[in-house]
Amino acid sequence: MAAKNLLEIENLHTWFELKKYGFVTVGNVRAVDNVSFTIEKGEAISLVGESGCGKSSLAKTILGLYNPREGHINFAGTVLDSSDEEQMDWYRAKVGYVQQDPYGALPPFMTLKKILEEPMKINGIKDSEERIQRIKETMEELKLTPVDDFLSKFPHMLSGGQQQRTVIARALVLDPDLLIADEPVSMLDASVRIEILELLQKIQHERDLSVMYITHDLSTVRYFSKRIMVMYGGKIVERSPVGDLLDNPAHPYSIALLHAISEPDAENVDTYKEVPSGEPPSLLNPPEGCRFHPRCKYKIDGLCDEEIPPDFGCGMEGHQVACWLYRQEGEGIPDDS
Ligand SMILES: Nc1ncnc2c1ncn2[C@@H]1O[C@H](COP(=O)(O)OP(=O)(O)OP(=O)(O)O)[C@@H](O)[C@H]1O
Ligand SMILES: [Mg+2]
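Below is the structure:
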């Protein structure tokens with residue numbers, strides 16, 4: 073493991089068995105299919121992709137909530153073994169998780185004090201003075217102030233933004249090395265969204281925290297991540313420094329995603345036509361070859377529909393794309409498109 077990496081994911085596969093009548097296996101949903109990547113210490117990366125492409129399944133597999141069918145997770149030099157409970161307890165304390173749905177994530181009958189105290193009790197922090205001290209510091213950091221007023225509040229007494237900041241505080245109260253934030257702002261309105269992303273960015277720098285930020289919204293990735301990965305049909309199809317991907321997207325799917333976030337004004341009407349029609353692929357019976365080929369207007373017959381593309385270099389250093397159009401250096405999306 074490279075010394076600067078905190079997390080190394082290697083050939084991760086997560087499949088869900090689909091059963092009929094509760095016991096007859098009819099197939100496997102291949103939610104995560106051969107995914108590899110690394111996160112350095114103190115680095116933030118984004119994972120983007122449309123609904124159902126496998127983002128949360130990947131996050132939950134990394135968190136140890138799902139067992140991978142194949143592949144390895146190496147954290148701080150330790151290859152995780154899900155059957156080693158002591159090791160998994162150590163690991164879970166080092167990784168904070170911001171769940172996708174803040175409303176569902178907070179127990180309705182617990183005060184903020186109890187909610188934030190729970191992870192510390194589970195992790196054996198016995199000194200109640202220390203627990204309350206940490207709670208107060210984390211609440212200050214997340215701007216849940218005045219702290220003394222908030223401590224006795226229940227989740228329903230909070231605004232959406234305050235609920236989400238509570239979920240983030242709970243993920244940070246054990247001082248983790250890695251934060252996995254699954255759509256942390258998607259349910260909030262635009263002004264609160266920016267406020268929380270800016271706060272996360274500040275916390276990431278101040279704590280030198282590694283972050284995996286998951287979103288379906290490309291317009292938010294610039295906020296605090298330097299690298300971005302685009303997921304489609306259970307696979308990472310493009311990875312790049314953020315600026316290079318936003319300025320020069322390479323994969324036809326990434327190009328379509330970027331067009332989809334263009335401002336809806338009259339001048340952009342043409343770009344909307346670029347979004348490919350068709351459905352996201354079935355993860356139960358994924359298409360042969362590149363999973364995007366049924367929606368891709370640049371499809372090369374006999375190649376894209378037969379062979380899974382490997383990663384090819386394109387553009388800047390660190391920019392890779394799993395697309396056959398880039399199989400030869402200097403090639404890419406045809407000019408006459
Ligand atoms: N526990 C599970 N059991 C069976 N299938 C699952 C399970 N969790 C997810 N899936 C399936 O795996 C696929 C990927 O789902 P996942 O929730 O990872 O997508 P996502 O990219 O996070 O989507 P969204 O943006 O809507 O949150 C979907 O087809 C989903 O139905
Ligand atoms: Mg999800």
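Position one of the sequence shown corresponds to residue 73 (the numbering used here), numbered consecutively onward. Where is the CB? At the ideal position from N, CA and C, for every residue including glycine.
| Query | Result |
| --- | --- |
| Bridge partner(s) assigned by DSSP for K92 | V96 |
| Inter-stretch contact at 8 Å, needing at least 3 Cβ pairs: the segment 278-286 / the segment 239-250 | yes |
| Nonlocal neighbours in the same chain, by C-beta distance under 6 Å from L318, ignoring five residues either side | none |
| Between the CA atoms of L269 and M182 - distance to the nearest angstrom | 26 Å |
| Continuous alpha helix (DSSP H) stretch holding S263: start and end | A262 to R279 |
| Coarse secondary structure for F384, derived from DSSP in three states | strand |
| Beta-carbon proximity of A241 to M284, cut-off 8 Å | no |
| Reference K208, options Y325, D221 and W396, closest by Cα | D221 |
| Own chain, CB closer than 7 Å to Q234, minus 5 neighbours either side, in chain order | L216 |
| beta-carbon K132 near ligand 2 non-hydrogen atom, thresh 7 Å | no |
| T343 - DSSP class collapsed to helix/strand/coil | Because the pLDDT at T343 is just 45, under 50, the model does not fix this residue reliably, and the point stays unresolved. |
| Residue environment, H228, which counts as buried when at least 16 other CB atoms sit within 10 Å | exposed |
| Segment limits, beta strand (DSSP E) that includes G350 | Segment: none, G350 is in no beta strand (DSSP E) and carries neither H nor E. |
| 6 Å CB neighbourhood of H391 in its chain, flanking five on each side removed | S312 and D316 |
| Exposure label - A201; buried when at least 16 CB within 10 Å | Correcting the residue type first, residue 201 is Glu in the shown sequence and not Ala. The residue in question, E201, is exposed, as its Cβ has fewer than 16 Cβ neighbours within 10 Å. |
| beta-carbon K307 near ligand 2 non-hydrogen atom, thresh 7 Å | no |
| Contact test: F384 Cβ vs ligand 1 heavy atom, cutoff 7 Å | no |
| Start-to-end residues for the alpha helix (DSSP H) that takes in Y398 | Taken as a continuous stretch (DSSP letters only), Y398 belongs to no alpha helix (DSSP H), as it is neither H nor E. |
| Closer than 7 Å: D156 CB and nearest ligand 2 heavy atom | no |
| Ranges of the beta strand (DSSP E) found wholly within the segment 102-179, counting only runs of at least 3 | 116-120, 142-147 and 167-170 |
| Inter-stretch contact (C-beta, 8 Å, three-pair minimum) for the segment 372-380 and the segment 349-357 | no |
| Proximity test, S258 beta-carbon vs ligand 2 heavy atom, cut-off 7 Å | no |
| Three-state secondary structure assigned by DSSP to F239 | Per the sequence shown, residue 239 should be read as Val rather than Phe. V239 falls in the helix class under three-state DSSP. |
| Buried/exposed call for V96, threshold 16 Cβ in 10 Å | exposed |
| K186: first and last residue of the uninterrupted alpha helix (DSSP H) it sits in | L184 to I194 |
| In DSSP terms, what S282 is bridged to | L250 |
| Local conformation of E310 per DSSP, three classes | strand |
| For M303, the residue or residues it bridges with in DSSP | I308 |
| Integer Cβ distance of P174 from M259, believed to fall under 8 Å | 7 Å |
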